[in-house]
Structure formats: structure tokens, C-alpha cells
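First up is the structure itself, then whatever we jot down about it.
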Amino acid sequence: MQLLLIKYAELWLKSEKIKRKFSLKLKKNIEDLFFDQNIKAEFLFKRDYILVKADDVYREKIKKCLSFVCGIEYFCFAKYCKLSD
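This is the structure:
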């Protein structure tokens, strides 16, 4: 399972109402794109970023698809880490 972090571009300059509108539109665009490309993924939408869980087999396809989405400042692949006691 691959974890992907997607950061929004400059929505923090907007009012909360406008920011929510843009965030929902970005969310819909990414979900529709993944659906059209048959990429199975789970999404977790936060205030300033999106976390995506997807199988490793989709890594290159995801990189290619997200490079065409307007409103994304950057995205990167990440790993879960547990804090040691």
C-alpha cells in the first residue's frame, strides 16, 4: 500500500467559504480522474492537504495523472512511521 500526500496551492489566501468551494472542486476532480483511469484508492481530505492510499502498482499512473490537475502545489509519496516509545 502506497501513501500519497497532496498539497493544495494557495487556498489559504481565500475566505473559508471560498476555500471550501475550491477544496471540494479539487477533491471531485481528483476522484473523477482516478475513477476514469481505473485507479483504486482511498482518500482522506484534511483542511490543507489530501492523503491518498493506493496500491503500489498505480504509482506511475498516479504521478502522470496528478501532473495535469490544476490547484495542486505539490504531491509526494510517503510512508507510515510509528513513533517509538
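Letter by letter, the sequence shown follows residues 707 to 791 of the working numbering.
The beta carbon of each residue, even a glycine, is placed where N, CA and C say it ideally should be.
- Within the same chain, and ignoring the five residues on either side of G777 in sequence, the residues whose Cβ sits closer than 6 angstroms to its Cβ are A715 and L732.
- Counting C-beta atoms within 10 angstroms of its own C-beta, S773 has fewer than 16 neighbours from the protein chains shown and is therefore classed as exposed.
- In terms of Cβ geometry, D761 and K746 form a close pair [threshold 8 angstroms].
- The residue from I736, F728 and F751 with its alpha-carbon nearest to that of I768 is I736.
- Here DSSP, grouped into helix, strand and coil, assigns Y786 to coil.
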